[in-house]
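**Student:** To convert, take the position in the sequence shown, counting from 1, and add 577; that gives the numbering used here.
We treat Cβ as the ideally placed atom computed from N, Cα and C, and that holds for glycine.
My questions will all concern the structure given below.
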Amino acid sequence: MNCHLWDLLDQGVEKVLDRLQGEIGVTGLCIPVLCPPIETLRTDPGVEPRVFRTSGGAIFSPDKKHYSATRCLPPQSQWRYPRGALGQVVDSCRTRGLSCRFVLHVASAGLMTKRYEQLAAKNTFGDAWPDRICPVNPDVQAFIACTCADLIAQYQPDSIELADLHVGLVQHSGGSASMADILGSGGSALLNICFCESCRQLDVASLNDDQLDSAAAARSVAVRLNRLLDAGMPAQPPFSQICSNDAVVRAHVTAQWNAIKSLVQNVAKQGCDDVIIRCPLDALIADQDNTPWSAWATERLISALSICVDSPEERDILAAVQQSRSWTDSKVCSEIQIKVSPSKRRGTADESKSATPGDDGTTLVRNLALLSENGIAAVNLDHYGIIPAAGIAHLKQAVRFARRSPA
């Protein structure tokens, strides 16, 4: 179960763990410790505030001795948590035999660009994203590795999960829907490719790659975007064609992922045996058939790959299972993350067709059983703070039914 520290504290750590382990039957917690900006409506009537907002940041107290290799410290969350709260949760999980995973949101780490402007990802025009840092940047890589070393030394989590690890998302438009309307999905994807100073210097560090020319890639993307803007016609190419017809852009994106591999290697060296990658399905990659995650799985650089599914539809669940298998090839554990709150039916804005709580319970039972039957080793439920009171019974039923299903 994904569970934010504020929900654990506001409802009572032991009470929540009793419910999660005793009633629902979950086997572990995923706790975000380096968070993006978050705004969420909480279902429990006894918590305040009901609408929880945070600009993100670290929800633990960094030990400065672990950050000698970087100029950056994790920016503290503006939400004031009690000192020692994270350690209390970890100890309670350990006493109960629950696994405890820490989740670090990398590119979307809250508050980082405000404090460290030099870490910001930039588009081809040189504009910095206000909510995104670049994992190619050596300072970002050192910062993440040092943060993991600090967390492992202080708390000894069972695993570390890296989320939001990418060089750009197809759907991300910097918080502005107008950009996607003007450019279309293809143009938005091009705009999201990072060309910060570190990314523009990749060809200097890769002298053996004759195809890599980051300056040429930046010019190519700028030309394509200017054509779209001049024509006023949004581009909607298939996801797989964003880089396929542009050799210099494809080489640039490949080099970015090769650079990110060193970040994953450094995290793995910090002393945690289990490193999980939460894979964004709309991440910009150069080759759909040869993804960086599949290479990391082949090299056993990671212990699991987690794919998020926002839709409750069976076809989308099965598509994620198939995608996970193609990327991991049984070399590492496959995980699927699904929502636990009611969801609208795909492709409709008609509220009468929204999933009701009862229907959502049936859907959850079906989907967990489906994942179990298809051999998915672990399912992450997202997230505890938005589960309605009626949803506890549905979750309990779904977990129990899934465990009885043939794996």
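Would you check if there are 3 or more beta carbon pairs closer than 8 Å linking the segment 714–729 to the segment 672–685?
**Tutor:** The answer is yes - the segment 672–685 touches the segment 714–729, with three or more Cβ pairs under 8 Å.
**Student:** Mind the definition here: the segment 907–920 touches the segment 880–888 only if three or more C-beta pairs lie below 8 Å; say whether that holds.
**Tutor:** Flag = yes, the segment 907–920 and the segment 880–888 touch.
**Student:** Classify Phe702: buried if its beta carbon has 16 or more other beta carbons within 10 angstroms, exposed otherwise.
**Tutor:** Numbered from its first residue, the sequence shown carries residue 702 at position 125. Answer is exposed; the Cβ neighbour count stays below 16.
**Student:** Could you check which residue in Gly602, Cys820 and Leu585 has the C-alpha nearest to that of Arg981?
**Tutor:** If you number the sequence shown from 1, residue 981 lands on position 404. Nearest C-alpha to Arg981: Gly602.
**Student:** Helix, strand or coil: how does DSSP classify Phe679 here?
**Tutor:** The residue given as residue 679 occupies position 102 in the sequence shown. Correct three-state label for Phe679: strand.
**Student:** Under a Cβ-count criterion, where at least 16 other Cβ atoms within 10 Å of its own Cβ denotes burial, should Asp780 be classed as buried or exposed?
**Tutor:** In the sequence shown, residue 780 corresponds to position 203, counting from 1. Buried is the call here.
**Student:** Per DSSP, what are the beta-bridge partners of Gln914 in this structure?
**Tutor:** Walking along the sequence shown from the start, residue 914 turns up at place 337. Cys885 and Asn957, per the DSSP bridge assignment.
**Student:** Alpha carbon to alpha carbon, how far is Ser750 from Ser632?
**Tutor:** Translated into the one-based positions of the sequence shown, residue 750 becomes position 173. Translated into the one-based positions of the sequence shown, residue 632 becomes position 55. Interpretation of Ser750 is limited by its pLDDT of 48, a score under 50 that renders its predicted location unreliable; no figure is taken from the coordinates.
**Student:** Go ahead and pull the three-state DSSP assignment for Pro869.
**Tutor:** On the sequence shown, residue 869 is found 292 positions in, with the first residue counted as 1. Here Pro869 sits in helix by DSSP.
**Student:** Less than 7 Å between the C-beta atoms of Leu746 and Leu802, yes or no?
**Tutor:** Along the sequence shown, read from residue 1 onward, the residue named residue 746 stands at position 169. Along the sequence shown, read from residue 1 onward, the residue named residue 802 stands at position 225. Contact: no.
**Student:** Evaluate Leu861 with the Cβ neighbour count: other Cβ atoms within 10 Å of its Cβ, from every protein chain shown; 16 or more gives buried, anything less gives exposed.
**Tutor:** If you number the sequence shown from 1, residue 861 lands on position 284. Burial call: buried.
**Student:** Would you tell me roughly how many angstroms separate the C-alpha atoms of Leu947 and Tyr961, rounded to the nearest one?
**Tutor:** For the purposes of this step, residue 947 is identified with residue 370 of the sequence shown, where counting begins at 1. For the purposes of this step, residue 961 is identified with residue 384 of the sequence shown, where counting begins at 1. For Leu947 and Tyr961, the distance between alpha carbons rounds to 22 Å.
**Student:** For Pro707, which of helix, strand or coil comes out of DSSP?
**Tutor:** By 1-based counting over the sequence shown, the position of residue 707 is 130. Note: Pro707 maps to strand in three-state DSSP.
**Student:** Taking the Cβ atom as the reference point for each residue, do Ile854 and Trp870 lie within a distance shorter than 7 Å?
**Tutor:** Walking along the sequence shown from the start, residue 854 turns up at place 277. Walking along the sequence shown from the start, residue 870 turns up at place 293. Yes; because the gap between Cβ atoms is below 7 Å, this pair is in contact.
**Student:** What did DSSP end up calling Glu890 once you bin it into helix, strand or coil?
**Tutor:** Taking the sequence shown and counting its residues from 1, the one referred to as residue 890 is at position 313. Here Glu890 sits in coil by DSSP.
**Student:** Quick one: what does DSSP say Phe746 is sitting in, helix, strand or coil?
**Tutor:** Indexing the sequence shown from 1 puts residue 746 at position 169. The sequence given here places Leu at residue 746; Phe does not occur at that position. Strand at Leu746.
**Student:** Beta-carbon separation of Val830 and Ser797 under 7 Å?
**Tutor:** One-based indexing of the sequence shown puts residue 830 at position 253. One-based indexing of the sequence shown puts residue 797 at position 220. No, the pair does not count as a contact, with Cβ atoms beyond the cut-off.
**Student:** Within the continuous alpha helix (DSSP H) that includes Ala794, where are the two ends?
**Tutor:** Here residue 794 refers to the residue found at position 217 when the sequence shown is read from its first residue. Element bounds for Ala794: Ser791 to Ala808.
**Student:** Taking the alpha-carbon positions, what's the Ser903 to Ser883 distance?
**Tutor:** Translated into positions along the sequence shown, residue 903 becomes position 326. Translated into positions along the sequence shown, residue 883 becomes position 306. In a straight line, the C-alpha of Ser903 is about 13 Å away from that of Ser883.
**Student:** Give every residue of the same chain whose Cβ lies closer than 7 Å to the Cβ of Ser685, excluding the five residues on either side of it in the sequence, and list them in chain order.
**Tutor:** The residue you call residue 685 lines up with position 108 of the sequence shown. Only Pro613, Asp708, Arg709 and Asp741 meet the Cβ criterion.
**Student:** Please determine, among Ala897, Val976 and Tyr693, the residue with the shortest C-alpha to C-alpha distance to Leu941.
**Tutor:** Position 364 of the sequence shown holds residue 941. Residue Val976 is the option with its Cα nearest to Leu941.
**Student:** From what residue to what residue does the beta strand (DSSP E) around Glu738 run?
**Tutor:** As a working note, residue 738 is residue 161 in the sequence shown. Where Glu738 is concerned, the enclosing beta strand (DSSP E) stretches over Ser736 to Ala740.
**Student:** When we look at the beta-carbon of Ala570 and count the other beta-carbons within 10 Å, is it buried (16 or more) or exposed?
**Tutor:** Coverage of the chain is limited to positions 578 through 984, which leaves residue 570 absent and any answer about it impossible.
**Student:** Taking 8 Å as the threshold, find out whether the segment 687–698 comes into contact with the segment 660–667 through three or more Cβ pairs.
**Tutor:** No, because fewer than three Cβ pairs between the segment 687–698 and the segment 660–667 fall closer than 8 Å, the two stretches do not touch.
**Student:** Specify the secondary structure class of Arg596 as computed by DSSP and reduced to three states.
**Tutor:** Locating residue 596 in the sequence shown gives position 19, where the first residue counts as 1. Helix.
**Student:** Tell me the residue span of the alpha helix (DSSP H) that contains Val826.
**Tutor:** What you label residue 826 is simply residue 249 of the sequence shown in a count that begins at 1. Here the alpha helix (DSSP H) through Val826 covers Ala824 to Ala845.
**Student:** For Lys908, which of helix, strand or coil comes out of DSSP?
**Tutor:** As a working mapping, residue 908 is identified with position 331 in the sequence shown. Three-state DSSP puts Lys908 in coil, outside helix and strand.
**Student:** Do Val713 and Cys670 have their CB atoms nearer than 7 Å?
**Tutor:** Within the sequence shown, numbered from 1, the residue matching residue 713 stands at position 136. Within the sequence shown, numbered from 1, the residue matching residue 670 stands at position 93. No.
**Student:** State buried or exposed for Pro734, treating a residue as buried only when at least 16 other CB atoms are found within 10 Å of its CB.
**Tutor:** On the sequence shown, position 157 is the one that residue 734 refers to. The residue is buried, with at least 16 neighbouring Cβ atoms inside 10 Å.
**Student:** Which same chain residues, not among the five before or five after Gly935, have their C-beta less than 6 Å away from its C-beta?
**Tutor:** As a working note, residue 935 is residue 358 in the sequence shown. For Gly935, the predicted structure reports a pLDDT of 42, less than 50, and the residue's modelled location is therefore unreliable. A value from the coordinates is still provided. Once the five neighbours on either side are set aside, Gly935 has no close Cβ partner at all.
**Student:** Between the alpha carbons of Leu582 and Phe629, how many angstroms are there, rounded?
**Tutor:** Reading the sequence shown from its first residue, position 5 is the one you call residue 582. Reading the sequence shown from its first residue, position 52 is the one you call residue 629. The straight-line gap from Cα to Cα measures roughly 12 Å.
**Student:** Given Gln588, which residues of its chain have a CB within under 8 Å of its CB, disregarding the five upstream and five downstream residues?
**Tutor:** Mapped onto the sequence shown, residue 588 falls at position 11. Excluding sequence neighbours, Gln588 sits near Asp621, Gly623 and Val624.
**Student:** By Cβ distance, which residues of its chain are closer than 6 Å to Ala881, with the 5 residues on each side in sequence left out?
**Tutor:** By 1-based counting over the sequence shown, the position of residue 881 is 304. Excluding positions up to five away in sequence, the list reads Ile853, Val909, Cys910 and Glu912.
**Student:** Take Ala828 and list the residues in its own chain whose beta-carbon comes closer than 6 Å to its own, dropping the five residues that flank it on each side.
**Tutor:** Walking along the sequence shown from the start, residue 828 turns up at place 251. Correct list, in chain order: Gln788 and Leu789.
**Student:** Where does Met578 land, buried or exposed, given buried means 16+ other C-beta within 10 angstroms?
**Tutor:** In the sequence shown, counting from the first residue as 1, residue 578 sits at position 1. Result: buried.
**Student:** Quick one, are the C-beta atoms of Leu840 and Gln718 less than 7 Å apart?
**Tutor:** By one-based count along the sequence shown, residue 840 stands at place 263. By one-based count along the sequence shown, residue 718 stands at place 141. Yes. Within cutoff.
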